[in-house]
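Numbering (the numbering used here), first residue to last: -3 to 65.
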């Protein structure tokens, strides 16, 4: 399950039209943290995850593997 979450989060972060710096500013983390979400096994904290979903118009259910869309 964790691998699916990581895979979908990476997919959405890299497909986003915003830069890592812009994403980071919107959700209140450093650009380096966004890079860690993409390149390491690190997953965002729950509050950061919620902000990512909101700011990037992502489906939390999709990221979490609860739906296919």
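We treat Cβ as the ideally placed atom computed from N, Cα and C, and that holds for glycine.
- Leaving aside the five residues that flank residue 20 on each side, the residues in its chain whose CB is nearer than 7 Å to its CB run, in chain order, 26, 27, 29 and 30.
- 51 is the residue among 51, 58, 64 and 57 whose C-alpha sits nearest the C-alpha of residue 13.
- For residue 64, no alpha helix (DSSP H) segment is defined, and its DSSP state is neither H nor E.
- Taking the C-beta atoms as reference points, residue 48 is found nearer than 9 Å to residue 9.
- For the pair residue -1 and residue 6, the Cα-to-Cα distance works out to about 10 Å.
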